[in-house]
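Engineer: Take the sequence shown: its letters are residues 0 to 177, numbered as in numbering that gives the first Met the number 0.
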Amino acid sequence: MTDPKLRVLITAEQIQTRIRELGEQISRDFPDGKLHFICILKGAIFFMTDLARAMKRDVSLDFMGISTYGRGKTSSGEVKVTKDLDISLEGTDVVIIEDIVDSGVTLNYLLHVLEQRRPRSIRIAALLDKPERRLRPVHVNYVGFAIPDQFVVGYGLDYAERYRNLDEICIVEESASA
Ligand code: IMP
Ligand code: MG
Numbered sequence: 000m001t002d003p004k005l006r007v008l009i010t011a012e013q014i015q016t017r018i019r020e021l022g023e024q025i026s027r028d029f030p031d032g033k034l035h036f037i038c039i040l041k042g043a044i045f046f047m048t049d050l051a052r053a054m055k056r057d058v059s060l061d062f063m064g065i066s067t068y069g070r071g072k073t074s075s076g077e078v079k080v081t082k083d084l085d086i087s088l089e090g091t092d093v094v095i096i097e098d099i100v101d102s103g104v105t106l107n108y109l110l111h112v113l114e115q116r117r118p119r120s121i122r123i124a125a126l127l128d129k130p131e132r133r134l135r136p137v138h139v140n141y142v143g144f145a146i147p148d149q150f151v152v153g154y155g156l157d158y159a160e161r162y163r164n165l166d167e168i169c170i171v172e173e174s175a176s177a
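1. Consider the C-beta atom of F144 and the heavy atoms of the ligand IMP; say whether any pair is separated by less than 8 Å.
2. On the three-state DSSP scale, how would you describe T67?
3. Buried or exposed for D2, going by 16 or more other Cβ atoms inside 10 Å?
4. Of the choices D157, R52, D61 and V152, whose alpha-carbon is the least far from that of T10?
5. Going by the CB atoms, is the gap between L126 and V104 shorter than 9 Å?
6. Near R117, which residues of its chain fall below 6 Å by C-beta distance, leaving aside the five closest residues on each side in sequence?
7. For S102, which option in R119, I86, R19 and R132 has the closest C-alpha, if you only look at C-alpha atoms?
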């Protein structure tokens, strides 16, 4: 098994600059009230920790685990919550923090689940967006970077659990199974 070739698409510096801008924008959009970030495990961990520290105001943090079945085979991928939230959403402004929006199946499902918990509002922040791949409509309020339809790793994103700890986003150019 040979390692895949990685090509840098977005540098660590570009990521950090964009996250500082997003932190300022979200802080301006929510000047007061309770603001709550929900990190979708595991891909969004670094994005959430950096974005939270780029905020100009207090924000509470929670984590949610999700697994998706049937993606790629059917347009109705089934989603399951594998780790639920610890903190109630009632009356809070919520921002879902996601690594990448691809088909939109995960976020479409998650929005329906979380809306039932009576938050004051729900928005979505995604570091990356592959708009060409969308199967389900999702409005992403805060996008770090729109990227072409290519598989990427790093800064939280994995290929079979590898490469999450890269500080940049890379395109995977060859399959490891080749
Ligand atoms: P979807 O929008 O429901 O299709 O799923 C988005 C999820 O698929 C993300 O949270 C990632 O875990 C995973 N994913 C989609 N595209 C990529 C990629 O290019 N690299 C790594 N993971 C990806
Ligand atoms: Mg994910």
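By construction, the Cβ of each residue, glycine as well, lies at the ideal position given by its N, Cα and C atoms.
Structural biologist: By the coordinates alone:
1. no
2. strand
3. exposed
4. V152
5. no
6. E89
7. R132
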